[in-house]
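Per the working numbering, the sequence shown starts with residue 6, numbered consecutively.
Glycine included, C-beta positions come from ideal geometry on N, C-alpha and C.
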Amino acid sequence: MAIFGYPEVFLILLCIFLLCFLRIRTLKTSSAPTNWPVAGMLPALLQNSHRLHDYATEILSECGGTFKFKGPWFSNMDMIVTSDPANIHHIFSKNFSNYPKGPEFRKIFEIFGDGIFNADFELWELHRKTTLSLLNQAKFYSFLERTVWQKIETGLLPVLDHFSEQGTVVDFQDILQRFSFDNICQLLLDCDPGSLSVDLPYLPCEKAFSEVLEPLFHRHIVPGSIWKLQKWLKIGNEKKLTEACKAFDEFIYPLISSRGEGEREESLNTLTTFKKAYEQSNHISFSGDSRKFLRDSLLSLLIAGRDSSSTTLTWLFWSMSANPSVENKIRHEIETLFGDKKWRVFSVEESRKLVYLHAALCETLRLFPPIALEVKYSYKPDTLPSGHPLNPNTKVIVPFYSTGRMVSVWGKDCLEFRPERWISSEGRIKLVPSFKFPAFNVGPRTCLGKEMSFVQLKMLAAAIIYHFQVQVVEGHPVSFSNSYMLKPKHGLSVRLSRN
Numbered sequence: 006m007a008i009f010g011y012p013e014v015f016l017i018l019l020c021i022f023l024l025c026f027l028r029i030r031t032l033k034t035s036s037a038p039t040n041w042p043v044a045g046m047l048p049a050l051l052q053n054s055h056r057l058h059d060y061a062t063e064i065l066s067e068c069g070g071t072f073k074f075k076g077p078w079f080s081n082m083d084m085i086v087t088s089d090p091a092n093i094h095h096i097f098s099k100n101f102s103n104y105p106k107g108p109e110f111r112k113i114f115e116i117f118g119d120g121i122f123n124a125d126f127e128l129w130e131l132h133r134k135t136t137l138s139l140l141n142q143a144k145f146y147s148f149l150e151r152t153v154w155q156k157i158e159t160g161l162l163p164v165l166d167h168f169s170e171q172g173t174v175v176d177f178q179d180i181l182q183r184f185s186f187d188n189i190c191q192l193l194l195d196c197d198p199g200s201l202s203v204d205l206p207y208l209p210c211e212k213a214f215s216e217v218l219e220p221l222f223h224r225h226i227v228p229g230s231i232w233k234l235q236k237w238l239k240i241g242n243e244k245k246l247t248e249a250c251k252a253f254d255e256f257i258y259p260l261i262s263s264r265g266e267g268e269r270e271e272s273l274n275t276l277t278t279f280k281k282a283y284e285q286s287n288h289i290s291f292s293g294d295s296r297k298f299l300r301d302s303l304l305s306l307l308i309a310g311r312d313s314s315s316t317t318l319t320w321l322f323w324s325m326s327a328n329p330s331v332e333n334k335i336r337h338e339i340e341t342l343f344g345d346k347k348w349r350v351f352s353v354e355e356s357r358k359l360v361y362l363h364a365a366l367c368e369t370l371r372l373f374p375p376i377a378l379e380v381k382y383s384y385k386p387d388t389l390p391s392g393h394p395l396n397p398n399t400k401v402i403v404p405f406y407s408t409g410r411m412v413s414v415w416g417k418d419c420l421e422f423r424p425e426r427w428i429s430s431e432g433r434i435k436l437v438p439s440f441k442f443p444a445f446n447v448g449p450r451t452c453l454g455k456e457m458s459f460v461q462l463k464m465l466a467a468a469i470i471y472h473f474q475v476q477v478v479e480g481h482p483v484s485f486s487n488s489y490m491l492k493p494k495h496g497l498s499v500r501l502s503r504n
């Protein structure tokens, strides 16, 4: 095997030596990494591997929002990192066609196959059109409303009641992930896996969504030869990825088969819709048959539905615990919506009256965007508005996390959790350009389910805040996991009490 030869061994040994040297080096005051001979800037990246998101933010703040990372010799790891809104607007909107996901991206995210996350050009247009047809169904929002409230009342509230009565510490992130998984499966596939119950059952597919994120992130910070060797040997992060892929297949393929005869009339007919799209697209080259296309399409939608909303709500409740006045204002707004009446479900239209809650969610998404970064590759030579030239096939990392924490973008109070920044003098939500607030992506690739996400988030947050006090356990460690999804590494340990 030529995947891992003497040059790679030498590189690893050199990095170990340089890491040791860096630990005793105290004179350096700048965050910018040193560009070492042979090893490039990789040693600094490895040294800060436990805090990559914040490290990137520090570097970008010092460098005016754009930085050129130099990888080890012959590693193909050179890249441009930018959080500059002008560059983001250029890459994602003005010159969109020059920045596809590209073949390298597809190699790294091969687990998603022909799903929308990997799609470019005609395949992306197919996914976009098909997903929009689902969201634009006349019955969609009534079906969404009914599905979410049913799961809240029959699943979430009883489980939270149980842990409240027990007085035990529970991982709130895990509860929210289970709710989101069951809910998105019910919404898209008309089935409830039942992961949210008082005994917190282990479901391989539900847990696989968490297991898959770190290995994919790992592929970006090590030379390709290393992760490819791990994949061949089935060890380390690549073993996790293989096992996660198996869990996805064992969950999704039987559902595709069992619904081959058709779906219930009151469902969204997701499988039927995507199957028709596949059959009518003979001009597009797919990587497999219709079952593989359905599997890839569903996997992308499931991971978006499970992780984005649960991660946002986890950070919302953590932020409220550090800012009690915010929680009090949200609770007052919810009580005002109901007047003197007791709790009741509210409609999609009524959810729009929860302006302060919407602002708190926007502030959470600014500081803790679920998708921490986006990866692009330049197709043709280009020059960014910042003046940085790009050769063809240059890798561009856009850390959305950093954009939300730049003084140059959000002001000196950018690290403060302040929902008021989102509310206009007329009491409405301010419209902020997506290249400044890229939590839902930017330009043509803006998340198609943005409006749906806010509706679900407000329903879920309002139900929890109205019924329970969620107290984060004192001293609970909060740090980020190294993954594309900006999750708390240690979950969120809380105690619950009924209001």
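Beta-bridge partners of Arg500, as assigned by DSSP: Gln476
Burial state of His337 (16 or more Cβ within 10 Å): exposed
Helix, strand or coil at Gly45 [DSSP, three-state]: strand
Buried versus exposed call for Gly480 [16 or more other C-beta atoms within 10 Å across all chains shown]: exposed
Contact check, His363 vs Lys463, beta carbons under 9 Å: yes
Where the beta strand (DSSP E) containing Met84 begins and where it ends: 84–87
Selection from Lys144, Asn100, Asn53 that minimises the alpha carbon distance to Val353: Lys144
Sequence-distant residues of the same chain with beta carbon closer than 7 Å to Leu32, five excluded per side: With a pLDDT of 48 at Leu32, under the threshold of 50, the modelled position of this residue cannot be trusted; read the value that follows with caution. For Leu32, where only same-chain residues beyond five positions count, there are no Cβ hits under 7 Å.
First and last residue of the uninterrupted alpha helix (DSSP H) at Lys400: That residue, Lys400, is in no alpha helix (DSSP H); its beta strand (DSSP E) goes 400–404.
Backbone CA spacing between Glu170 and Ala377 [nearest angstrom]: 36 Å
Beta-carbon contacts of Ser486 that lie in its chain and below 8 Å, excluding the five residues immediately before and after: Leu218, Glu219, Lys492, Pro493, Lys494
Where Thr317 sits in the DSSP three-state scheme: helix
Own chain, CB closer than 8 Å to His288, minus 5 neighbours either side, in chain order: Glu127
Inter-residue Cα distance where the pair is Ser488 and Phe373: 13 Å
Nearest-angstrom beta carbon gap, Lys385 and Val403 [assumed within contact, 8 Å]: Not a contact, Cβ separation roughly 18 Å.
DSSP beta-bridge partners of Leu395: Asp387
Three-state class that DSSP yields for Tyr258 in the structure shown: helix
Reduced DSSP secondary structure (H/G/I, E/B, other) of Thr62: helix
Secondary structure, alpha helix (DSSP H): runs of 4+ residues fully inside the stretch 94–145: 107–113, 126–140
Extent of the continuous beta strand (DSSP E) run through Phe72: 71–74
Closest residue to Leu307 among Cys196, Leu221, Ala468, Thr341 (Cα-Cα distance): Cys196
Proximity winner among Ile85, Leu420, Ala468, relative to Thr159 (alpha-carbon distances): Ala468
Gly409 and Leu366 closer than 9 Å at C-beta: no
Three-state secondary structure assigned by DSSP to Met464: helix
Close beta carbons around Asp89, own chain, < 7 Å, minus the five adjacent residues each side: Gly70, Thr71, Ser391
8 Å Cβ shell around Glu368 - same chain, five flanking residues per side excluded: Ser324, Phe422, Arg423, Pro424, Arg426, Trp427
Residues that DSSP places opposite Asp176 in a beta bridge: Ser498
Reference Glu211; option with closest CA among Gly229, Lys236, Ile180, Val203: Ile180
Continuous beta strand (DSSP E) stretch holding Leu378: start and end: 378–382
Beta-bridge partners of Ile428, as assigned by DSSP: Ile434
Whole-angstrom distance between Leu234 and Trp129, CA atom to CA atom: 31 Å
Residue(s) in a DSSP beta bridge with Met490: Ile376
Closest residue to Ser262 among Ser292, Asn274, Arg296 (Cα-Cα distance): Arg296
Neighbourhood of Phe74 by C-beta distance below 7 Å, restricted to the same chain and skipping five residues each side: Met46, Asp83, Met84, Val86
Secondary structure of Ser485, DSSP reduced to three states: The sequence as given places Phe at residue 485; Ser does not occur at that position. Three-state result, Phe485: strand.
With 16 other Cβ atoms within 10 Å as the buried cut-off, status of Val175: buried
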